[in-house]
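Engineer: Residue numbers (the numbering used here): 1390 to 1888.
Can you keep this structure in mind? I'll have questions shortly.
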């Protein structure tokens, strides 16, 4: 019976933890093996000298998805995790000194838009309405369902859906239908970086991201940062009987014929399993843990998302002029993105994001001090380019500090007590992320979405499944939460048939 089946999950990222919750809740015996000392993967945390940093993700966006997934696990988001709705989604700073508070407060947003470009507030309403419609359609017809065959993706019923999702039109070009001012074109398209893409060559489908932000708002856990989501899901999984094994590396997945028999750990121990779920980076799993060279070679040829250089700074001074989420956009927006996606490097005048969590959660920093995380998009690791990440880390820090000091953070460089920095090479080492593509290894285009994205079950080994950003539906925490639900539904469906 399914209730007696043993599942091993490789990786305690948010996808693996969430899948463990679903499967344990349906009677499976679940063990999770994680190479690091704590859960979370790219959603883990760093604590040093009283400063607390979210390692990667810092925004609780698309809260409707969180609520839906939590509800299906028997949890209510707002009761499980103390969250606060932010007045501003983020504050956007432009090179000429102009500032735009991106907010779901329609009156405030209207006033700001009209100052920048007369008539743009009405255009924004149309953009947001169209983008949120795309979001609702894509959630129902594309994102929130398994595709078991090519015909389920290219059925007659899916044709109008695919056309509505605008998979061919680039997001930036689509946005020019609504706005003319360069500040607004940047403000409504930079969000593509959330999933490691450029708005100049990724589909207008992603207009749903700013549209959903402006419609649903943004939350932030008021105690413990985004890692509190990981903690709650881990706690809930343990309550259901899930066992976690930290600092335990998996060396390979054992296969025999058309199925897996379990895994081999770093110390040579063999762990038998009826079902293996890999939450480790999918290209890494095919390349390092499975014997299928052909499939791995195919994955290597796909389009990968960008990486990031992340600076975590403990400051001995507060800078109250910063909002909780801050985005600094460069006039060299297009040129900067070309440096990232074409030259696989970093812009000399980069656009970047600054997280100041103590605005919402004072416990993130000692009193009178500041905790800041700066995320600068960067090219992923590419052996065809000469990439000196130590040099780029130093040059980029200088550019970021100069830009922040220009914005009024006086003598910032003198108040950095310590720095913890992650480069693409750091991400690759810490989380086994292929090419250091921290936003989720594989990018998104029409040929890497839906049925064309790597499947969440191995085509040959029928009891090996995948969860995370590089399988369906894609990158970003909301998609990964859905990925966990979808792979669990598939496991339950397919193993019920076999029983």
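Backbone N, C-alpha and C fix where the C-beta goes; we use that ideal spot for every residue, glycine too.
With DSSP collapsed to three states, give me the class of residue 1390.
Structural biologist: Bear in mind that a pLDDT of 41 at residue 1390, under 50, signals an unreliable position, so the model cannot answer this.
Engineer: Report the option in 1838, 1770, 1840, 1589 whose CA atom is closest to the CA atom of residue 1813.
Structural biologist: Taking only the C-alpha atoms, the option nearest residue 1813 is 1770.
Engineer: Go ahead and pull the three-state DSSP assignment for residue 1760.
Structural biologist: Residue 1760: strand per DSSP, three-state reduction.
Engineer: Which whole-angstrom value describes the C-beta separation of residue 1369 and residue 1482, a residue pair presumed to lie in contact below a C-beta threshold of 8 angstroms?
Structural biologist: Outside the modelled stretch of the chain, which goes from 1390 to 1888, sits residue 1369, for which no answer is possible.
Engineer: So residue 1668 and residue 1856 are supposed to be a Cβ contact under 8 angstroms. How far apart are they, rounded?
Structural biologist: Indeed, because the Cβ distance is near 5 angstroms, the residues count as touching under 8 angstroms.
Engineer: I need the DSSP call for residue 1888, collapsed to helix, strand or coil.
Structural biologist: Caution is warranted here: a pLDDT of 49 is assigned to residue 1888, below 50, making its placement in the model unreliable, and the coordinate value is therefore given only provisionally. Looking at residue 1888 - three-state DSSP - the assignment turns out to be coil, as it is neither helix nor strand.
Engineer: Per DSSP, residue 1609 is paired with what?
Structural biologist: DSSP, once it has assigned bridges, lists 1473 as partnering residue 1609.
Engineer: Could you spell out the range, first to last residue, of the beta strand (DSSP E) harbouring residue 1640?
Structural biologist: Per DSSP, residue 1640 belongs to the beta strand (DSSP E) from 1639 to 1645.
Engineer: So, for residue 1391: in the same chain, excluding its five sequence neighbours on each side, which residues have a beta-carbon less than 8 angstroms away from its beta-carbon?
Structural biologist: Because the pLDDT at residue 1391 is just 41, under 50, the model does not fix this residue reliably, and the value given afterwards should be weighed accordingly. 1415, 1416, 1417, 1881, 1884, 1885, 1888, listed in sequence order.
Engineer: Return yes when the C-beta of residue 1409 is under 8 angstroms from any heavy atom of the ligand GDP, and no when it is not.
Structural biologist: Because no ligand of any kind appears in the structure shown, any question about the ligand GDP cannot be addressed here.
Engineer: If you drop the 5 nearest sequence neighbours on each side, which residues of the same chain put their C-beta closer than 7 angstroms to that of residue 1569?
Structural biologist: Contacts found: 1506.
Engineer: Tell me whether the stretch 1561 to 1575 and the stretch 1506 to 1522 touch, counting them as touching only if at least three CB pairs, one residue from each stretch, are closer than 8 angstroms.
Structural biologist: With the cut-off at 8 angstroms, the stretch 1561 to 1575 and the stretch 1506 to 1522 touch.
Engineer: How long is the line joining the alpha carbons of residue 1632 and residue 1560, rounded to whole angstroms?
Structural biologist: Answer to the nearest angstrom: the Cα atoms are 43 angstroms apart.
Engineer: Suppose contacts are defined by Cβ-Cβ distances below 9 angstroms. Is residue 1399 in contact with residue 1729 by that definition?
Structural biologist: Contact flag unset, no.
Engineer: Who are the near neighbours of residue 1678 in its chain, counting only those whose CB is closer than 6 angstroms to its CB and skipping five residues on each side?
Structural biologist: For residue 1678, where only same-chain residues beyond five positions count, the Cβ hits under 6 angstroms are 1641, 1642.
Engineer: Among residues of its own chain, excluding the 5 on either side of residue 1634, which ones have a beta-carbon nearer than 8 angstroms to its beta-carbon?
Structural biologist: Hits under 8 angstroms: 1420, 1421, 1422, 1423.
Engineer: Nearest-angstrom Cα distance between residue 1543 and residue 1875?
Structural biologist: C-alpha separation (whole angstroms): 19 angstroms.
Engineer: Comparing alpha-carbon positions, which option in 1784, 1637, 1878 lies nearest residue 1401?
Structural biologist: Checking every option, the nearest Cα to that of residue 1401 belongs to 1637.
Engineer: Should residue 1823 and residue 1672 be called a contact, given that it needs their Cβ atoms to be closer than 9 angstroms?
Structural biologist: It is a contact, given that the beta carbons lie within the stated cut-off.
Engineer: For the stretch 1579 to 1630, which segments carrying the beta strand (DSSP E) assignment without a break, of at least 3 residues, lie completely within its bounds, in sequence order?
Structural biologist: The qualifying runs are 1608 to 1610.
Engineer: Would you identify the three-state DSSP class for residue 1495, choosing helix, strand or coil?
Structural biologist: Here residue 1495 sits in helix by DSSP.
Engineer: Just to confirm before moving on: does the CB-CB distance between residue 1445 and residue 1695 stay below 9 angstroms?
Structural biologist: Cβ distance not < 9 angstroms, so residue 1445 and residue 1695 don't count as in contact.
Engineer: Roughly how many angstroms lie between the CA atoms of residue 1795 and residue 1500, to the nearest whole one?
Structural biologist: The alpha-carbon atoms of residue 1795 and residue 1500 are separated by roughly 26 angstroms.
Engineer: Express the C-alpha separation of residue 1818 and residue 1639 in angstroms, rounding to a whole number.
Structural biologist: Approximately 15 angstroms, taken between the alpha carbons.
Engineer: Buried or exposed for residue 1579, please, with buried defined as at least 16 other CB atoms from any protein chain shown within 10 angstroms of its CB.
Structural biologist: By the neighbour-count rule (16 or more Cβ atoms within 10 Å), residue 1579 is buried.
Engineer: Please classify residue 1850: does DSSP put it in a helix, a strand, or coil?
Structural biologist: If DSSP states are grouped into helix, strand and coil, residue 1850 belongs with coil.
Engineer: Based on Cα-Cα distance, which residue from 1759, 1743, 1726, 1689 lies nearest to residue 1703?
Structural biologist: Residue 1703 has its Cα closest to that of 1759, out of 1759, 1743, 1726, 1689.
Engineer: Check whether chain C comes within 9 angstroms of residue 1597, counting only Cβ atoms and requiring the distance to be less than that.
Structural biologist: The structure shown has no chain C; it contains just one protein chain.
Engineer: Which one of 1430, 1600, 1471, 1622 has the shortest CA to CA distance from residue 1815?
Structural biologist: Residue 1815 has its Cα closest to that of 1430, out of 1430, 1600, 1471, 1622.
Engineer: In chain order, what residues of the same chain have a beta carbon less than 8 angstroms from the beta carbon of residue 1474, not counting five sequence neighbours either side?
Structural biologist: Excluding positions up to five away in sequence, the list reads 1606, 1607, 1608.
Engineer: Compute the distance between the beta-carbons of residue 1603 and residue 1554, then report whether it is under 9 angstroms.
Structural biologist: It is not a contact, given that the beta carbons lie outside the stated cut-off.
Engineer: Span of the alpha helix (DSSP H) holding residue 1667?
Structural biologist: Segment 1664 to 1667 is the beta strand (DSSP E) holding residue 1667; no alpha helix (DSSP H) there.
Engineer: Check for me: the alpha helix (DSSP H) holding residue 1820 runs from which residue to which?
Structural biologist: Its alpha helix (DSSP H) spans residues 1813 to 1820.
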